[in-house]
Amino acid sequence: MTGTPLLSVRDLSVAFTQGGETTLAVDRISFDIADGETVALVGESGSGKSVSALSVLKLLQYPAASHPSGKIDFLGKDLLAAKEADLRKMRGNQIAMIFQEPMTSLNPLHTVERQIGEILRLHGAREAVIPERTLDLLDQVGIRDAAKRLKAYPHQLSGGQRQRVMIAMALSNKPKLLIADEPTTALDVTVQAQILQLLDDLKREEQMSMLFITHDLGIVRRIADRVCVMTNGKIVETGRTEDIFANPQHDYTKHLLAAEPKGRPILLNDNAAEILKADGMKVWFPIRKGLLRKTVDNVKAVDGVDVSVRAGQTLGIVGESGSGKTTLGLALTRLISSEGRIVFDGRNIDAFSFEAMRPLRREIQVVFQDPFGSLSPRMSVDEIVAEGLAVHEPKLTREERDTRVVEALHEVGLDPDTRFRYPHEFSGGQRQRIAIARAMVLKPKFVMLDEPTSALDMSVQAQVVDLLRDLQRRHDLAYLFISHDLKVVRALANEVMVMRNGKVVEFGRSEQIFDDPKTDYTKALMAAAFDIEVAPAGVVNE
Amino acid sequence: MDQSATLTGTTVAQPRRRPFLSPLNQRRWKNFKANRRGYWSLWVFLFLFILSMFAEFIANDKPIVAVYKDQILTPIFHTYSEKVLFPDDPLALPRIDFTDSFIQDEINAHGWMLWPPIRFSYRTVNKEVPTAAPSKPAFLFDSREELCARYPMGAQDPNCVAGNFNWLGTDDQARDVLARLIYGFRISVLFGLILTALSAVVGVTFGAIQGFFGGWTDLIGQRVIEIWSSMPVLYLLLIIAAILPPGFWILLGIMLLFSWVSFVGIVRAEFLRARNFEYVNAARALGVPNRTIMFRHLLPNAMISTLTFLPFILNGSITTLTSLDFLGFGLPPGSASLGELILQGKNNLQAPWLGFSGFIVISVMLSLLIFIGEATRDAFDPRKTFG
Numbered sequence: 001m002t003g004t005p006l007l008s009v010r011d012l013s014v015a016f017t018q019g020g021e022t023t024l025a026v027d028r029i030s031f032d033i034a035d036g037e038t039v040a041l042v043g044e045s046g047s048g049k050s051v052s053a054l055s056v057l058k059l060l061q062y063p064a065a066s067h068p069s070g071k072i073d074f075l076g077k078d079l080l081a082a083k084e085a086d087l088r089k090m091r092g093n094q095i096a097m098i099f100q101e102p103m104t105s106l107n108p109l110h111t112v113e114r115q116i117g118e119i120l121r122l123h124g125a126r127e128a129v130i131p132e133r134t135l136d137l138l139d140q141v142g143i144r145d146a147a148k149r150l151k152a153y154p155h156q157l158s159g160g161q162r163q164r165v166m167i168a169m170a171l172s173n174k175p176k177l178l179i180a181d182e183p184t185t186a187l188d189v190t191v192q193a194q195i196l197q198l199l200d201d202l203k204r205e206e207q208m209s210m211l212f213i214t215h216d217l218g219i220v221r222r223i224a225d226r227v228c229v230m231t232n233g234k235i236v237e238t239g240r241t242e243d244i245f246a247n248p249q250h251d252y253t254k255h256l257l258a259a260e261p262k263g264r265p266i267l268l269n270d271n272a273a274e275i276l277k278a279d280g281m282k283v284w285f286p287i288r289k290g291l292l293r294k295t296v297d298n299v300k301a302v303d304g305v306d307v308s309v310r311a312g313q314t315l316g317i318v319g320e321s322g323s324g325k326t327t328l329g330l331a332l333t334r335l336i337s338s339e340g341r342i343v344f345d346g347r348n349i350d351a352f353s354f355e356a357m358r359p360l361r362r363e364i365q366v367v368f369q370d371p372f373g374s375l376s377p378r379m380s381v382d383e384i385v386a387e388g389l390a391v392h393e394p395k396l397t398r399e400e401r402d403t404r405v406v407e408a409l410h411e412v413g414l415d416p417d418t419r420f421r422y423p424h425e426f427s428g429g430q431r432q433r434i435a436i437a438r439a440m441v442l443k444p445k446f447v448m449l450d451e452p453t454s455a456l457d458m459s460v461q462a463q464v465v466d467l468l469r470d471l472q473r474r475h476d477l478a479y480l481f482i483s484h485d486l487k488v489v490r491a492l493a494n495e496v497m498v499m500r501n502g503k504v505v506e507f508g509r510s511e512q513i514f515d516d517p518k519t520d521y522t523k524a525l526m527a528a529a530f531d532i533e534v535a536p537a538g539v540v541n542e
Numbered sequence: 543m544d545q546s547a548t549l550t551g552t553t554v555a556q557p558r559r560r561p562f563l564s565p566l567n568q569r570r571w572k573n574f575k576a577n578r579r580g581y582w583s584l585w586v587f588l589f590l591f592i593l594s595m596f597a598e599f600i601a602n603d604k605p606i607v608a609v610y611k612d613q614i615l616t617p618i619f620h621t622y623s624e625k626v627l628f629p630d631d632p633l634a635l636p637r638i639d640f641t642d643s644f645i646q647d648e649i650n651a652h653g654w655m656l657w658p659p660i661r662f663s664y665r666t667v668n669k670e671v672p673t674a675a676p677s678k679p680a681f682l683f684d685s686r687e688e689l690c691a692r693y694p695m696g697a698q699d700p701n702c703v704a705g706n707f708n709w710l711g712t713d714d715q716a717r718d719v720l721a722r723l724i725y726g727f728r729i730s731v732l733f734g735l736i737l738t739a740l741s742a743v744v745g746v747t748f749g750a751i752q753g754f755f756g757g758w759t760d761l762i763g764q765r766v767i768e769i770w771s772s773m774p775v776l777y778l779l780l781i782i783a784a785i786l787p788p789g790f791w792i793l794l795g796i797m798l799l800f801s802w803v804s805f806v807g808i809v810r811a812e813f814l815r816a817r818n819f820e821y822v823n824a825a826r827a828l829g830v831p832n833r834t835i836m837f838r839h840l841l842p843n844a845m846i847s848t849l850t851f852l853p854f855i856l857n858g859s860i861t862t863l864t865s866l867d868f869l870g871f872g873l874p875p876g877s878a879s880l881g882e883l884i885l886q887g888k889n890n891l892q893a894p895w896l897g898f899s900g901f902i903v904i905s906v907m908l909s910l911l912i913f914i915g916e917a918t919r920d921a922f923d924p925r926k927t928f929g
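Note that the protein sequences, when read in sequence, are chains A and B. According to the working numbering, the first sequence is numbered sequentially starting from 1. According to the working numbering, the second sequence is numbered sequentially starting from 543.
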């Protein structure tokens, strides 16, 4: 490390004022970033890591946000005291930033060329060199056939390519410091590995420093030189990456490191009765063209998949986004129409109408991904949990219904006294428990879990996985567990199906898929998920 | 399995029972109150509206209560025959005219009467107008003598009291302007409210069905609405109003035919957006019937934009009614109507109090409603709620 750091943050606090109440989001944090160094800010959601990073460039909503204390030194200048005009010169020039959501960070109405050109122009590049420099940048961030991509609009690019364009924009003025705010969270694991590799390479080539914000410890280990662990707005531990991982000092760091979903699925029972079986499942969305809207082609979201789930067992379905795994789940639960035979509990349900399905709905339950979206904000928890009871057991008296709701909430580890509150008063993990209670109150036989843990923090994920396993054991539930997160799948699934482009790539027992994958694609997926390694060209999407 | 303890990041005060307003609505009410202008407008409007609902007790040509020979008369609710006063008179009229001084003397001799503050109803013709109708407001006269010139005993007449003065003058048929304003305000607001409520019911139903089912239902519905709403509404109203006998409910029905369309767009858009929300899918997965999903999960979403729209539609309805009245195609002749008052103002430029008082009442009423509408919009603004 050199004598003076590139960026030095001292006693930085951030407070938000809303409706007369002030909350302290960041409480006197200090850290340094040296030349060419990558520092990671790690923490769970709400720990204040993003807010800290945004205050470096004063990108928060002022005056709602304020800095009661602190100093941010960048090349001998205090950024907190700097004038807006000076900051504007700094942003995108000496300090650049990339954001989490590549979908929304690019303007959908402008071509890639124009968006990169704009940044160059803003910071005083000569008009003549802009096209050439734009092309160089796209090459540099690894976009193939860059010349052809210049005129592309953001929607024509994949998520990974969009994030590459964002990085190209950030790099355009050769910044000294790159702030990356969860740049890979919205991407598939295989693409995530590629982007991290790219960032690492670029940092070395361009001699940049990097401030990396993430909640994922795997990424930290892969990319960071030093780590700052944040919780509740404070940095509780700072150190070199190896030291933190090998020898964590603070309780919270230990808790975070121990938080990965653990445990093994309950034992596979080959003799268990088959509760759901489907053959040749197909979900095709027609592409219509011409005046008469003739179907010219189909988007084959799910294309000839056979599924079998046994009572008390878990079938895990893994795959990248767009692989058709959620579509398959929705088709199996008859929430969207499909082709192919579906047998549930001895009955052929693929031709059932919505009305005919209703009695079966209590046995087939669904838990959705987003616990913030899946609970109606206008209903209290007891109304949410009791909704299914009103449909399927209309004869229950009010007291009986209430007893069932209390039981269900108890079962998922929530205090039944909180049942008159509304969803917004609960944390993400608690909300997901409410969603699980809503499914469990009907005593189903089969539950489809659609990415039930992806919107949750790591430590909460582990708790939810434990809860699901516990419920499965107690009620002999069959799960269809859909996830892109292989760690969670490993902890819960007996059998795993790997999907890609609507087809099954590999299917087998969990141990076999995880420990001895046969196909290149599965191998690449495992490497990307567990070791964050980049797959050889051509095996995975870009 | 006691993980909830570790999960609970923040502890919230524990309401054991559901509060009267859900937390979301409490926040909305707070936002509404934060818009001081709208909040005060709401109270002022409610005060005026509720007051006008009791118009019969404020402005009427009959006493509120009269006691005659230990008999209690409530002329506002009952029509009494003169036989009550003169049981033996073969010429007794079927209706008592309480403004007649002979009758007043008879009642006062054997009991008493409690008059409303204004002794004119909207259609009472003042037989003792001080000057030729339209006569100017009472405060513009110099003396009581002048005001009561037409009474038999002049300023000493028992009927020369404040209640019998035309405080805002009379119109060209010698009817009291103030009384007509009070009744006109009531009928305008009631008309607007009923029309808005009915249009909302029809429009929300159509929008909900279109948005929820989508596809062909939506396509056909939208085309029908496009054709329907491209009709020249005002001309149609004029034509229909010319054929059908004018009346409150007929007019309401005709205007309802066209006013519901304005709700469909917003409700349909809300339903289209919200029908793919995860909690709607979750309800579907629970087997909840479509109708329940629409009512319980989707309608509250759509109600926000509908409610935001409501005060403005209400204003539009009132304005349409007033303009029809102004053109002479509105409520039947003789009804208390603000539009008709304005028309009189236009025809009697020598009597500016007609036009001015009509204009002031209409503009105050519409402004109050717009301010309330603005505050409603603030209240339902999600950025204000959560920002």
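Just so you know, even glycine gets a beta-carbon here, dropped at the ideal spot from N, CA and C. As the structure is a prediction and not an experimental result, all values here were calculated from the model.
Runs of alpha helix (DSSP H) with 4 or more residues, each lying fully within the region 236-288 of chain A, are found at 241-246, 251-257, listed in chain order. Bounds of the alpha helix (DSSP H) holding residue 801 of chain B are 790-801. Assigned with DSSP and collapsed to three states, residue 28 of chain A falls in strand. Straight across, the Cα-Cα distance linking residue 768 of chain B with residue 582 of chain B is about 39 angstroms.
The count of Cβ pairs closer than 8 angstroms, one atom from the region 856-866 of chain B and one from the region 880-887 of chain B, reaches three, so the stretches are in contact. When DSSP assignments are scanned along the region 600-634 of chain B, the uninterrupted stretches of beta strand (DSSP E) that are 3 or more residues long and fall wholly within it turn out to be 607-610, 613-615.
Contact between residue 369 of chain A and residue 491 of chain A fails: their C-beta atoms lie close to 17 angstroms from each other, not under 8 angstroms.
Chain B has a Cβ within less than 8 angstroms of the Cβ of residue 358 of chain A. The criterion of a C-beta distance shorter than 8 angstroms is satisfied by residue 302 of chain A and residue 331 of chain A. DSSP places residue 693 of chain B in the coil class of the three-state scheme, outside both helix and strand.
Using a Cβ-Cβ cut-off of 9 angstroms, residue 581 of chain B is close to nothing in chain A; its nearest Cβ partner there is about 17 angstroms away. Here residue 269 of chain A is exposed. Its C-beta has fewer than 16 other C-beta atoms within 10 Å. Within chain A, the residues 387, 391 have their CB atoms less than 7 angstroms from the CB of residue 830 of chain B, given in chain order. Taken through DSSP and simplified to helix, strand or coil, residue 308 of chain A comes out as strand. Taking a C-beta cut-off of 9 angstroms against chain A, the contacting residues of the region 831-844 of chain B are 831, 832, 834, 838, 839, 842, 843, listed in chain order.
DSSP places residue 706 of chain B in the helix class (H, G or I) of the three-state scheme.
Taking 3 residues as the shortest admissible run, the region 203-232 of chain A contains the following complete beta strand (DSSP E) segments, listed from N- to C-terminal end: 209-214, 226-231. Taking a cut-off of 8 angstroms for Cβ pairs, the region 897-913 of chain B and the region 744-753 of chain B do not touch, as fewer than three such pairs fall below it. Between residue 599 of chain B and chain A, the shortest Cβ-Cβ separation is not below 8 angstroms. For residue 900 of chain B, the closest C-alpha among the options B:760, B:712, B:695 is that of B:712. Residues of chain A whose Cβ lies closer than 7 angstroms to the Cβ of residue 821 of chain B are, in chain order, 373, 374, 375, 376. One thing to note: residue 752 of chain B has its Cβ within 8 angstroms of the Cβ of residue 810 of chain B. Around residue 469 of chain A, the same chain offers 263, 265, 266, 491, 492 as residues with beta carbons nearer than 8 angstroms, after the five sequence neighbours per side are excluded.
Rounded to the nearest angstrom, the Cβ distance from residue 233 of chain A to residue 47 of chain A is 7 angstroms, consistent with a contact under 8 angstroms. For residue 570 of chain B, not one C-beta of chain A is nearer than 8 angstroms to its own C-beta.
The Cβ of residue 365 of chain A sits closer than 8 angstroms to at least one Cβ of chain B. Residues of chain B whose Cβ lies closer than 9 angstroms to the Cβ of residue 368 of chain A are, in chain order, 820, 821, 823, 824, 827. One finds 827 in chain B with Cβ atoms closer than 9 angstroms to the Cβ of residue 333 of chain A, taken in chain order. Within chain B, the residues 828, 829 have their CB atoms less than 9 angstroms from the CB of residue 362 of chain A, given in chain order.
Classified as exposed, residue 789 of chain B has fewer than 16 neighbouring CB atoms from the shown chains inside 10 Å of its CB.
Secondary-structure assignment with DSSP links residue 73 of chain A through a beta bridge to A:8, A:78. The distance from the Cβ of residue 445 of chain A to that of residue 478 of chain A is about 6 angstroms, consistent with a contact at the 8 angstroms cut-off. For residue 339 of chain A, the closest of A:305, A:326, A:98, A:410 by C-alpha to C-alpha distance is A:305.
Taken through DSSP and simplified to helix, strand or coil, residue 743 of chain B comes out as helix. When the alpha-carbon of residue 410 of chain A is set against those of A:459, A:467, A:355, the nearest one is in A:467.
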